[in-house]
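To start, the structure under review is shown below, and the notes come after it.
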Amino acid sequence: MNILIVEDEKELAASMTDFLKESDYRCEAVYNYTQALGKINIYQYDCIIVDIMLPDGNGLELVRELKRNHSHSGVIIVSAKNALDDKIKGLDIGADDYLTKPFHLPELSARIKSIIRRRQFDGEQEVIFNEIHVLPDTRQVEVKEQPLELTPKEYELLLYFLSNRNRTLTREAIAEHLLGEQADMLDSFDFIYTHVKNLRKKIISAGGGDYVHTVYAIGYRFGVK
Ligand code: CA
Numbered sequence: 022m023n024i025l026i027v028e029d030e031k032e033l034a035a036s037m038t039d040f041l042k043e044s045d046y047r048c049e050a051v052y053n054y055t056q057a058l059g060k061i062n063i064y065q066y067d068c069i070i071v072d073i074m075l076p077d078g079n080g081l082e083l084v085r086e087l088k089r090n091h092s093h094s095g096v097i098i099v100s101a102k103n104a105l106d107d108k109i110k111g112l113d114i115g116a117d118d119y120l121t122k123p124f125h126l127p128e129l130s131a132r133i134k135s136i137i138r139r140r141q142f143d144g145e146q147e148v149i150f151n152e153i154h155v156l157p158d159t160r161q162v163e164v165k166e167q168p169l170e171l172t173p174k175e176y177e178l179l180l181y182f183l184s185n186r187n188r189t190l191t192r193e194a195i196a197e198h199l200l201g202e203q204a205d206m207l208d209s210f211d212f213i214y215t216h217v218k219n220l221r222k223k224i225i226s227a228g229g230g231d232y233v234h235t236v237y238a239i240g241y242r243f244g245v246k
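Take a look at the structure:
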């Protein structure tokens, strides 16, 4: 999961980043409107946390920009002002949630979880695909009711496949999903190949079906053949 934090209070940005990284999110922070705009025009994020008062602009404008671009990112607005009209304006223009500072970090992480779940799986607590069951809140995976041990990358890959069933995913899209902007620095897709191969092998050895299909020269598709 890729998360972008837009927050000019560097200490707060750092504590949010550290906290979310511990929960296995990939997280980057930027400190102003211009940097944020640059990021959202290039990268896809699962969730963006936006402070309203930025030194060079208004966070609500970023939300508008995301909506203009038909972005699929979840958006949480964070503001020091407990102003009701900011809150309403934010939700009106398409933010998913709103947090007033100061807030507890576990609260932020709970909101992110619920947004991602809502967006990816229509709010389901459990993602079921034939004999594969995933509980995104606890990151547990079962195949035929037996727990399946996955590395964090394999787990993310599985969720990505499950939320894009029967769709061809390019190697580039998978790399960006798993690595965020570090994907630009990959000099080959061996990394993707290895994770895909291991995930497929683990599902099959646990008695699951062979759902990962190679789409020649493009990428992969997850689904029943
Ligand atoms: Ca601020």
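Take the sequence shown: its position 130, counting from 1, is numbered 151 in my numbering, and each next residue is one higher. No residue lacks a Cβ here, since even glycine has one placed at the ideal position from N, Cα and C. In this text, all values refer to a predicted model and were calculated from it rather than measured experimentally.
Mapping the DSSP letters down to three states, classify residue 120 as helix, strand or coil.
strand
Is the beta carbon of residue 99 sitting closer than 7 Å to the one on residue 116?
no
Is the segment 228-237 close to the segment 140-152, with three or more CB pairs under 8 Å?
yes
Closer than 5 Å between the C-beta and any heavy atom of ligand 1: which residues qualify, listed along the chain?
29, 72, 74
In this structure, how does DSSP classify residue 63 when only helix, strand and coil are distinguished?
helix
Return the chain-ordered list of same chain residues with a C-beta closer than 8 Å to the C-beta of residue 194, the five sequence neighbours on each side being excluded.
So the qualifying residues of the chain are 240.
Ligand 3 and residue 86: does the residue's C-beta get closer than 6 Å to at least one heavy atom of that ligand?
Ligand 3 is absent from the structure shown, which contains only ligand 1.
Quick check on this structure: which residue in 123, 88, 139, 196 has the alpha carbon closest to the alpha carbon of residue 34?
123
Let's see if you can read the secondary structure: which residues bound the alpha helix (DSSP H) around residue 190?
Premise fails: residue 190 lies in the beta strand (DSSP E), 189-191, not in any alpha helix (DSSP H).
Do residue 75 and residue 29 have their C-beta atoms within less than 7 Å of each other?
Their beta carbons are under 7 Å apart, which means residue 75 touches residue 29 by this criterion.
Whose CA, out of 110, 31, 65, lies closest to the CA of residue 79?
110
With C-beta atoms as the reference, is residue 198 less than 7 Å away from residue 176?
Going by C-beta atoms, residue 198 is not nearer than 7 Å to residue 176.
Spatial neighbours of residue 236 within its chain, please: C-beta separation below 7 Å, excluding the five flanking residues on both sides.
189, 242
Supposed close pair residue 183, residue 220 - CB separation, criterion 8 Å
For a cut-off of 8 Å, the C-beta gap from residue 183 to residue 220 is around 11 Å, too long to register as a contact.
Put residue 101 into one of helix, strand or coil per three-state DSSP.
coil
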